[in-house]
DNA sequence: GTCTATAGGTGGATAGAC
DNA sequence: GTCTATCCACCTATAGAC
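Protein chains in written order, with the working numbering: chain P, 303 to 491; chain Y, 303 to 491.
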């Protein structure tokens, strides 16, 4: 097993920094110190911070979608899929991180255009998957809800992101779990 | 009516900046430019940025609690109180702002200790008021929910903050309204 | 209270040697 | 690919005149 290449290691460290401190809350100096290289080396891999940011979101979405495919492969029950979906958020929070794109949503006003677009692309993909699960659950009567699946998907994402953000400020996992459980329970038939 | 004093005008401008760009997304130079004074003048009123941040949260909480008292004075119906509570968020969002403390929750990892404490104080006060409304609604059977009022209050705050944050990224008020309506409807008896 | 001037630090970014 | 050295813009903050 080769060591992960430098670009990937940079992304790993930058990802954690954005998730804990925000895109405006870290600098190349932070990454350089953590990797024991100079700032100049980092600019070889990612010329501008905006490049780093965009690549960060793209990789995050790719990994997230892979996790969703993993859920699809592991279970066919709609309620169980939603539980595992919420469990992904829970794992991120347990690591004291915020969702990358939830964090960027707060900083939206200061982001380069490309990052704004990539961020929305992430939420769109997210909600498309949820709409599929919700439609399936409604069809086989394992889920019940009023309104469109798209509206419910938006509510779910918003509720989980918001609960995550606040629970992190209280360093209280239980707070997140209780909200997640309540939210999923509201879809029980 | 005297013009608002300088400290208040600084707070007004800083408040909007934090709500749109985050605490790490603006500088004294931004305020100075907007007020047509020098940065040095600002330091006379708020020696350090951390002082400004803390006073910002304290004033925000005071104003928010006053708005909640206004709701209590205007109506005695629990469901109507919740609708007006959500309408406050909606008004903030319509102005292209995020909730001040929702924004700070994202930046939590980088905030001075005093600001962290003040921020949680805001959410605590917020939830205390909601718990009162929820208890009243349960008692007079105008609201129905399972679990404790405290859990529901936390879910409400999280759902509204999260929906707000994401809707702002899409510049889509409808997105927020639909989530808020759904969330309140889930408490109907 | 507000100004000019400035200190001392950090930000992102580049040139050019190795 | 990584380094040293450096640029310049910007940051928070202070001293001292007015």
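We put the beta carbon where it would ideally sit given N, CA and C, even for glycine.
Residue i classed as buried or exposed, judged by whether at least 16 other C-beta atoms fall within 10 angstroms
i, result
"residue 485 (chain P)", "buried"
"residue 362 (chain P)", "buried"
"residue 464 (chain P)", "buried"
"residue 310 (chain P)", "exposed"
"residue 428 (chain P)", "buried"
"residue 375 (chain Y)", "exposed"
"residue 446 (chain P)", "exposed"
"residue 420 (chain Y)", "buried"
"residue 448 (chain P)", "exposed"
"residue 335 (chain P)", "exposed"
"residue 480 (chain Y)", "buried"
"residue 391 (chain Y)", "buried"
"residue 331 (chain P)", "exposed"
"residue 408 (chain Y)", "buried"
"residue 342 (chain Y)", "exposed"
Nearest to residue i (by Cα), restricted to the options the options
i, options, result
"residue 302 (chain Y)", "Y:427, Y:454, Y:358 and Y:392", "Nothing about residue 302 (chain Y) can be reported from this structure: the residues present for chain Y run from 303 to 491 only."
"residue 397 (chain Y)", "Y:317, Y:446, Y:426 and Y:342", "Y:317"
"residue 487 (chain P)", "Y:482, Y:454 and Y:335", "Y:454"
"residue 490 (chain P)", "P:382, P:356 and P:343", "P:382"
"residue 360 (chain Y)", "Y:425, Y:306, Y:436 and Y:452", "Y:425"
"residue 422 (chain Y)", "Y:308, Y:405, Y:483 and Y:394", "Y:405"
"residue 482 (chain P)", "P:387, P:314 and P:313", "P:387"
"residue 476 (chain P)", "P:332, P:315, P:393 and P:380", "P:393"
"residue 380 (chain Y)", "Y:333, Y:433, Y:348 and Y:478", "Y:433"
"residue 431 (chain P)", "P:407, P:444 and P:456", "P:456"
"residue 452 (chain Y)", "Y:444, Y:435, Y:467 and Y:462", "Y:435"
"residue 384 (chain P)", "P:444, P:340, P:364 and P:306", "P:444"
"residue 344 (chain Y)", "Y:373, Y:365, Y:356 and Y:313", "Y:313"
Uninterrupted alpha helix (DSSP H) stretches inside the stretch 398-478 of chain Y (no shorter than 4 residues): 402-408, 415-441 and 451-472
Check whether the stretch 429-440 of chain Y and the stretch 462-478 of chain Y are in contact - that is, three or more C-beta pairs closer than 8 Å. no
Is there contact here, the stretch 352-367 of chain P with the stretch 407-418 of chain P, by at least three beta-carbon pairs under 8 Å? yes
Three or more C-beta pairs under 8 Å: does that hold for the stretch 368-380 of chain P against the stretch 319-336 of chain P? Under the 8 Å Cβ criterion, the stretch 368-380 of chain P does not count as touching the stretch 319-336 of chain P, having fewer than three qualifying pairs.
Can at least three beta-carbon pairs, one atom from the stretch 314-322 of chain Y and one from the stretch 393-407 of chain Y, be found at a separation below 8 Å? yes
Enumerate, from N- to C-terminal direction, the unbroken alpha helix (DSSP H) stretches of 4 or more residues contained entirely within the stretch 339-378 of chain Y. 341-347 and 351-376
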